[in-house]
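Novice:
In this note's numbering, the protein residues as written are 19 to 150.
1. Can you tell me where the beta strand (DSSP E) holding residue 132 begins and where it ends?
2. Determine the DSSP secondary structure at residue 82, reduced to helix, strand or coil.
3. Among 150, 93, 115, 120, which one has its Cα closest to the Cα of residue 57?
4. Can you tell me where the beta strand (DSSP E) with residue 113 in it begins and where it stops?
5. Does the structure place the region 66-85 close enough to the region 112-130 that three or more beta carbon pairs sit under 8 Å?
6. By DSSP, does residue 100 sit in helix, in strand, or in coil?
7. Would you list the residues sitting across from residue 147 in a DSSP beta bridge?
8. Alpha carbons only, please: which of 85, 36, 78, 42 is nearest the one belonging to residue 118?
9. Rounded to whole angstroms, what's the CA-CA distance from residue 100 to residue 107? Just pull it up for me.
10. Pick from 88, 112, 103: whose alpha carbon is nearest that of residue 96?
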């Protein structure tokens with residue numbers, strides 16, 4: 019079989035177009051299927067303004083963090099101080115049960131009346147952390 023140069027160029031252009039169409043189709047399908055498996059972040063709900071008397075007993079429950087994950091992932095809770103750049107933050111007088119989200123008073127608040135304590139409560143689903 020003998021092909022002239024013009025026929026060969028025509029066939030090559032058609033092959034390139036077919037490869038291009040296949041690539042675009044593959045890319046669209048891959049992107050669409052990836053979007054179906056995106057892990058969404060957890061959604062937290064809890065009272066954010068805690069008013070605690072300085073006479074509160076150590077070990078008392080302060081609040082319960084509620085969170086849900088649309089993907090039904092296991093959630094790990096955390097608590098961390100907020101630093102505003104004026105030196106390291108003071109240690110928090112709270113602790114959180116990382117499995118249940120229950121926040122407890124970890125140390126006495128004696129002498130800290132009127133003080134604002136700024137902190138983040140976190141939830142992590144193994145993929146996306148959330149701070150609030």
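Every residue, glycine too, gets a C-beta built ideally from N, C-alpha and C.
Specialist: Taking the structure as given:
1. First-last for residue 132: undefined, no H or E at that position.
2. strand
3. 93
4. 112-114
5. yes
6. coil
7. 142
8. 85
9. 7 Å
10. 112
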